[in-house]
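Presented below is the structure to which this report refers.
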Amino acid sequence: MLRYILWRILVMIPTLLLISMLVFTIIELPPGDYFESYIEELRAIGEKADLQEIEELRARYGYDKPIPIRYLNWVGGMLVGDFGYSFEYRLPVSEVVGDRLWLTVLVSFVTIALTWIIAFPIGVYSATRQYSWGDYGLTLFGLIGIAVPNFIFALILMYFANMWFGTTIGHLMDQKYLNQPMSWDKFWSILEHLWIPVIIIGTAGTASMVRRLRANLLDELQKQYVMTARAKGLHPMKVLVKYPLRMSLNFFISDIGSILPSIISGAEITAVVLSLETTGPMLIKALQSQDMYLAGSFLMFLAFLTVIGVLVSDIALALFDPRIRLKGGATK
Amino acid sequence: MKPMLPQSGQPLDHYVSTAPFDPYATEAAASSSAYTEASQLRLMWWRFKRHRLALISGILLAFAYLSIIIVEFLAPYNLHTRNIDSIYSPPQSVHLFHEGDFVGPFVYKQHMQLDMTTLKRVYSDTNIVQPLRFFCKGDDYHFWGLFGADRHLVCPAEGGDFFLLGTDRLGRDVLSRILYGARISLTIGLLGITTSFILGIVIGGLAGYRGGVFDLIVQRIIEVLQSIPSIPLWLALAAIMPLTWSPLLIYLGITFILGLLDWTGLARAVRSKLFSLREEDYVLAAQLMGASKTRIIGRHLVPGFMSHLIASATLAIPGMILGETTLSFLGLGLRAPITSWGVLLTEARTVNVIALYPWLLFPVIPVIVVILAFNFLGDGLRDAADPYK
Amino acid sequence: AETEANIAASSVPPGPPKAARVINLAALGREPGKQGGTARMLIGGQRDIRLMPINGYARLIGYDEHLNPLPDLLEKYEVEHSQVFTFHLREGHRWSDGSPFTAEDFRYVWEDMFQNKELHRGGVPAELKVDGAEPRFEILDERTVRYSWDKPNPDFLAQQAAPSPTRLMMPSAYMKQFHPKYQDADMLAKLIKKNRVDDWSSLHQFMGRTVRPENPDLPTLEPWCPRTKPPAQQFIFERNPHFHRVDENGVQLPYIEKFVLNVSSPGLIAAKAGSGESELQIANIDFADYTFLKSSEKRFPVHVNLWKRTQGSRIALMPNLNCKDEVWRKLFWDVRFRRALSLAIDRSEINKAVFYGIAKESANAVLPESRLYRPEYAQAYAAYDPETANRLLDELGLDRRNEKGLRLLSDGRVAHITIESAGEDSFESDVLELVADHLFKIGIAIHTRATQRELFRRRIRGGDTIMSVWQGLDNGVPTADMSPQELAPTSDDQVFWPNWGLNYLSGGGDGNPPDMPEAKQLLDLLKEWRRSGETSEREEIWHKMLSIFTQQVFTIGIVNAALQPVVSSSRLRNMPSRGLFCFDPYSYLGVYMPDTFWFGESA
Amino acid sequence: MNPTGYQDKTVTERHDLLRAENLSVSFPFYGGRIEAIRNFSLRISPGKVTALVGESGSGKSVFGRTIMDIESASAQIGGNVLFNDPAGTEGPIDLLALPHDGRKIRSIRGNRIGMIFQEPMVSFSPLHTIGNQIEEALKTHTILSPAERHERIIEMLGLVGFAKPNKVFGMYPFELSGGMRQRAMIAMALICRPALLIADEPTTALDVTIQAQIIKLLKDLQSRFDMAMLLITHDLGVVANLADEVVVVYRGEVMEAGPVDEIFRNPQHPYLKGLMAAVPHFDMQPSERLKPLRDIGVDGSRMLAKKKAAAEPDPMRPRSDILLSVRNVSKSFTARRSGFFGLGTPEKTLAVNDVSFDIMRGESLGLVGESGCGKTTLSKILMRGLSADTGSVIFNGAEGPVDVLHAEKDDLKILRRKVQMVFQDPVSSLSPRMTVRNIIGEPLQIHEKGDAEKRTRIVEALTSAIGLERSALSRYPHSFSGGQRQRIGIARALALGPELLICDEPVSALDVSIQAQILNLLKDLKKELGLTYLFISHNLAVVNYMADRVAVMYAGRIVEIGPVETIMRCPVHPYTKKLLAAVPYPDLDRPLDYATVGSALRRPKWDAPFDDEDRPESLAHADLGEGHFVLAQRSVDARDLRAQELSARELRQ
Ligand SMILES: Nc1ncnc2c1ncn2[C@@H]1O[C@H](COP(=O)(O)OP(=O)(O)OP(=O)(O)O)[C@@H](O)[C@H]1O
Ligand SMILES: Nc1ncnc2c1ncn2[C@@H]1O[C@H](COP(=O)(O)OP(=O)(O)OP(=O)(O)O)[C@@H](O)[C@H]1O
Ligand SMILES: [Mg+2]
Ligand SMILES: [Mg+2]
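Here it is, written out as structure tokens:
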């Protein structure tokens, strides 16, 4: 197992390299560069850009150099912890992100945790009580969550939260707490705002998890070993959790790698609509204004999370299913 | 005849059944010959038919898909017909009785007044009865570019209005737009979903079944693809799409490419499931029979997690119907004059709408209905394919 | 970074300069008020803190509400033949940190910045040059400086009154610590390292940004000075204790103690403003939000008013006179075609459908609020007259039509115009949809396509775009003393003749000089204006240019004087309920002096 | 409650432990219903063994499951099952009337009633270790500490014949051979010392020596803990050795019931008589046919996708040319688990050890051996279902020789067509989501034999030959009984008419009458079409009936090989002798002699010439003539062995 893990970690290096190339291409692909879009944006409101400063930035960040050199500079910088410079914020990327990162992590983890906490019992319920009113009701509820586009859902929730509970519109906290250190009031304010994005981002994921869990469970419930377990006198719940549920987790584990990135990218639009202080809006903005080092670092960070996630998923899969662990390589 | 069982605790007698015995008699399984002859597909169909909700869903979807052919006829107005005098008209209710008299379906003529302080258009019903007409002459249209026509299923009274679901900011009938929007929404994403499913199952299947180097390479590719979030991809792809393409073509193109990129999640699920399943004896049996890889994957392994596939497919439907909304958000999606449910919803994405013109959110309803229908259909298919049912 | 200068300066007691500028509020029809209070404002991104110096509008010379230039930071100024400009500073005027504001601050900019090749590679900024010649700079005494040219520079004052003027002065006491001439190398190296920049010129630039006030330490003359270092989600601006204006009662302005700018996504700002989360909101809310905002007046203590936008046209079609397509170009060059297009548009329908009928149907021209307004400019070919339009087109030789009734071009193609837009405003597509219908009636089909802004610009400059949609004249309320350059090909921003504009902008190095007689004529008139020393002469030139511009219908304006909602707290006093809303020349709120706004009791 | 379940016999009034009264179970399915059990009554006395015998598919397993109330939800159940727990106080309870999966019934399941499922292969979850799954029952029903539980499990695993119980504890089910899994199953059922054990074919996958041990174990437990047993089996030999009362069922109805003496000595019902007559004997003549209950004529060429071999000289005697030649094949499995991070040295199991033999064209080679000795592994290697570590396998088919272990493309294709296999585990070798029609027809489809119509004909002919209804064609495998599934597997293997058919326990789940029917079918096909069989079985009588030659395997090696008469009548190797001694006879007068069977706890040391003395290379095959080889020390002279053997036989006579 250790050998396998070490080997898998080794394989991550070329993968990350490949990803970095792809990320770089993606950021470079749209025509023009940050400076051009910056000038245009200023012009759109009738302002003049500080052309001279822009010229200097251009030269400093090697925009006169060929693309491969710029790529090497970028990757090389990242290796020594220099994530480049955000043109938009005129600050090193590492200084720009600030609070956003942990708020993103907070939103993502609360969402993931809630998704699981809700999806598992409901999935099990739906599978064991197939076609009961509960099954139908929960299915309906979840699917509506999937069917309403996130941005509309966000607007509606936000609007009514404001109308009924007086929650300030959007954001992760009341804005008066923005630059303040953590306090109970601030924490409370975060809680008060957190549920909206979590519900919006979480519903679709929860519903699809419930549906897939249900489908997988239904397949497993018929297996002979379930009967064996029942014959041992186990509690039906115990039977379910220990055998079929574990068996049907396969799909779930194989997906771990993409959970975080998909939550984060699924949250982007919501975050923009709700104006959350997370990384999503910043990433989108950076992409649109071609603030390439900022966007690139974000993307690499996400990619890194994914790669780690896939690693975890692979290892978990092997740990979890002895057939894969012990027979996977058996020559036929 | 002696009783079969003695009293509790008593010794057992030698009991012999006296019923007639014919070793050649057929087994007691009573079944119709149609059943015996039926192929597996037919058996599934029979079983599917028993699932009421699935059947209804299937029929509903069939109707939906059929109706998009004759939208021109079904919609009371054309897609772009504007009624400048009825901007943001709320839904009109259809009445049958006027002052106690039966008139048949009709609406009251509306009176619009612009409130100059709030700049809000205030509509009120007048007492003028405007009976609806059926199979009537209305807006001209060119049916599929084949012939001109002007028949509609229902139209407003001559010179009147009929906005069952209200109108939007240019006074366009929301109902008609929803009907026209179905055309794009129900069809366009199928391409992407098909692509991603075929790729996901084939590539994931091969990787899971073969393992080894092939799996290693596929896994790394998946890893790379998964680690790029979709929004930057959309942006980058949209940037390189030829400008000369129409928005529809661009959207098609991007859906297709995303389909090409979207198979990864499914492929990983397929792969890991196959990792387990391929150790089953029946796979070995098939191998020993000489079955090809494709056959083993297609006939033995994939059916083994059909439930998962069906669930995933039905869950991908919302993505395909609403996928464009994300794009629109980034300014890349479909645009007028093309209309889809996503476009309609994107147009409604302001607080103004929610607060003042909530009827513009009506396109959510067909989306929900279609998604529910697909899911119930999926349930039915799953059950039909489930041998244990 | 605290320096000795700072420390010394900060001990100066706060208060206005001895020779403060007295604003007679009563005379303006406003009421004098009291200091205090916090105003929240929502911005769509960190970048938007640049609105503060625009709204603050502390300029050497600034406009009043009628666009008369008045000394503001200056105590007074003298102009001779538009050539020699003498500026007198106020006595006891101090930067926000308490350091004195003197001629030294002008000298620092002129000598240590403009003339420093490392800081300003190009030397003195182009705006300050007349026919390539830079002015002479003289310090007459501690509080008097003079700029003089050999030829008239009628633009100079207007430039200084603009929303973002060319900076002639900097807080030299503060800035010197970043200049190698005044700072020793070790210390400078330390500062460079501390601020994570590469060299001293970046450091100087970084610390001295005025357009976007990102450096809370940088002393300023504006009514509010920044207190937050980016990146942040909330920016705080506090009143400048040395601000130079006082009200008639001697109370120092600004009244409002603190501005809090909260970053929010642009789409959310209307909703937030409507729920009372902003005391003063002008940006990022749109006409379409008005009804919603107005309805929130009932629930929250806010007032929603409508101001008037001053662009020459809120939305205008721009045929690209420099497009690559020969056939189209030839058509566009024919004034009959442009006029036909303009006549074919039913402006009143558009006004009614999209602007509630309360904008003004007009050609792309100046507004009645301008002294240069004449009805014939606004009405030039702006009536709905499809017959004439059709006749004009037939005359042009576009009389062949296909089975759908679309005209055929000379090379047999169908007259099919793709209008490109930068896709920014939601009403754009609505207007275009209506326009498409209108033009269809004269046998021209229209398709619209939205692209990213850079791409949009690039395609226009490259001549790939046949027609685009943009807004009309930026400054729809000019005075004769403001440059009429928008009417002549002077910039590649002008989407209807980008190539000619580029030629002018680059001094002939790039693009082509206009070869269309009318465009040439406009350019000549502009040059004439430049040379003119008298206002009356300039006015005449303006009228000539306006007449040509509107008669030639280079741009097809649709409506102007569109309305802009502004939201303010109902406690906020002195905020005009009507006003003109524009960047240039009004600097948004700037000319209306937000420093005179104050919080009273809830109305 | 007494945790051991032990109760003094004298105190309790001896009520029936379990009474099933008028039980009926039916399964509805689309287009009909299957009545698995009809109006069925049965009782089990405390401490007694009731055997349930009957034809395959007659509802025995369904009955077993029903009385525990774990039959699948689709079943419709009528009647009642009264359980009178000797350790309980409240008298008889109707198990079927209790709430499903309720507390009450759960405290009985696994604790008071244990169940050994017929299909040990699929009855374990593949994700959990054997130990874990056994332990669970203990955890639920007892309050033992983890250490005590572990101890008890290890003890039980030892009792059911595992040489290394500690190792098995941590193994996964798929790492065990069929027989080992069955023993694990037995251990699991017994771990709580139930008052009633439902043993559904508990010994089918076991070789006779282990079977004998298990029988002994069950007998011991029965007397020690007063355990009653419902024994469902086909093996009348086992019945004769274990049962007190016998119930004979046929198609869900009781045909005959009575004490074991009555049943064996005085069978009345024609069905029972037929059953008795169908049992294969050791003293059958080579030409003698088994007498199944119903004889079904076989037309091989119609039935299989194969032409009648025209120039088949004398199908009766094996032709001399070699069809399959196996040389020095070895295979070992590595347990990669040792240590969480795989740092420990991997542990190797030598499943097949240097095996060489030939299979002649047209002959049928029997392969017998201890459970877990590598038979299945070997047969999978021959099929190239597993790769061998070393050695070679050459297949001399009609299209020329093929190197089995390295065949590619066309060669492999030929191989796949010419060699077929019947899997030991019928359940898992049938695709759960294919109908029987598709399953049997699949090889035909793969190899594109005939058109759709011909395929249908073949499939239908095969189905009736294996004694299944036509209606079975549209059903899915899970709805069949163990024996029915096994027959489906046989039909599938036969469909192509292979040259070589490897049968891994093909008839273990079949009652004697169906078994006779199938064996006859195989024999007929062999005669008619010249098929060749490798026949793996634990049932020596069956081997005796089917095989021309027999190979005996022990611990991965072939210890003895020779013509069937020689092996059966004068075996040389002590293991073979032991095997023969452990055969249970369906004769009340020939009870098993447990003394000769010995204990399974320790791998026995053979007598001097046969033991490897821990040096495996010191053993070699000694040729005893007439194709009789035996594995013995290299130093030993073959003649000595023979002489020894002859003298021993004389001594016995
Ligand atoms: N889940 C089910 N659905 C439908 N039919 C079933 C199901 N389980 C069993 N049967 C049918 O019930 C009958 C009895 O099956 P059962 O398994 O009890 O037979 P059995 O006596 O144990 O046979 P064998 O000796 O072959 O194991 C068979 O005809 C079988 O096809
Ligand atoms: N995948 C595997 N991993 C590890 N060990 C295995 C594996 N498969 C089989 N073995 C081991 O190989 C040995 C031989 O197994 P095999 O299945 O060939 O026995 P068998 O002779 O068929 O026994 P039975 O008669 O009980 O079916 C057993 O000890 C078993 O534990
Ligand atoms: Mg059975
Ligand atoms: Mg085996």
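Going line by line, the protein sequences match chains F, S, R and Z.
For the first sequence, the residue numbers in this note's numbering are 820 to 1151.
For the second sequence, the residue numbers in this note's numbering are 423 to 811.
For the third sequence, the residue numbers in this note's numbering are 98 to 700.
For the fourth sequence, the residue numbers in this note's numbering are 522 to 1174.
Where is the CB? At the ideal position from N, CA and C, for every residue including glycine.
Only a predicted model underlies this, so the values are computations on that prediction, with no experimental measurement involved.
query: Cβ neighbour criterion (16 or more within 10 Å) applied to M1119/F; result: buried
query: Three-state secondary structure assigned by DSSP to G863/Z; result: Residue confidence is low: G863/Z scores 46 on pLDDT, short of 50, so the model does not pin down where it sits. No coordinate-derived value is stated.
query: Where P610/R falls, given that 16 or more other Cβ within 10 Å makes a residue buried; result: exposed
query: Heavy atom of ligand 4 within 6 Å of Q966/Z beta-carbon; result: no
query: Q331/R, DSSP secondary structure in three states; result: strand
query: Residue-level contact to chain S via CB, H1007/Z, 7 Å cutoff; result: Going by the sequence as given, residue 1007/Z is Gln instead of His. No, no contact with chain S.
query: Endpoints, beta strand (DSSP E) assigned at Y352/R; result: Note, Y352/R: premise wrong, no beta strand (DSSP E); not H, not E.
query: Listed by chain order, chain S residues near S949/Z by CB distance under 7 Å; result: E702, D703 and Y704
query: Enclosing alpha helix (DSSP H) for Y1044/F [first to last residue]; result: Q1043 to A1050
query: Cα-Cα separation between G745/S and M663/S, rounded to whole angstroms; result: 18 Å
query: Identity of the residues DSSP links to L539/Z by a beta bridge; result: I565/Z and F604/Z
query: C-beta neighbour in chain R for L370/S, strict 7 Å; result: This structure leaves residue 370/S out entirely; chain S is present only between 423 and 811.
query: Residues of the region 874-888 of chain Z with Cβ closer than 8 Å to any Cβ of chain S, in chain order; result: none
query: K214/R versus I289/R: straight-line alpha-carbon distance, rounded; result: 19 Å
query: Alpha-carbon spacing of T930/F relative to I1018/F, whole angstroms; result: 8 Å
query: Boundaries (first-last residue) of the alpha helix (DSSP H) holding W826/F; result: L821 to E847
query: Same chain, Cβ closer than 6 Å to F332/R, five either side skipped, listed in chain order; result: I146, T325 and L358
query: The region 1039-1062 of chain F: positions lying closer than 9 Å to chain Z by Cβ; result: Q1041, K1042, Q1043, Y1044, V1045, M1046, T1047, A1048, R1049, A1050, K1051, G1052, L1053, H1054, P1055, K1057, V1058, K1061 and Y1062
query: Cutoff 7 Å; reference G1146/Z; Cβ partners in own chain excluding five residues on either side; result: none
query: Closer than 7 Å to chain Z by CB, R1065/F; result: yes
query: Between the CA atoms of S508/S and V656/R - distance to the nearest angstrom; result: 21 Å
query: Residue-level contact to chain S via CB, A831/Z, 7 Å cutoff; result: Note that A831/Z has pLDDT 44, beneath the 50 cutoff, so the model's placement of it is unreliable and the number below is only indicative. No, A831/Z lies away from the interface with chain S (no Cβ there is under 7 Å from its Cβ).
query: A831/Z classed as buried or exposed, judged by whether at least 16 other C-beta atoms fall within 10 angstroms; result: Here A831/Z scores only 44 on pLDDT, less than 50, and its place in the model is too uncertain to base an answer on.
query: Closer than 5 Å: residues whose CB approaches a heavy atom of ligand 4; result: S698/Z, G699/Z, T897/Z and Q945/Z
query: Exposure label - F862/Z; buried when at least 16 CB within 10 Å; result: For F862/Z, the predicted model reports a pLDDT of 46, less than 50, meaning its position is unreliable; a value from the coordinates is still stated below. Result: exposed.
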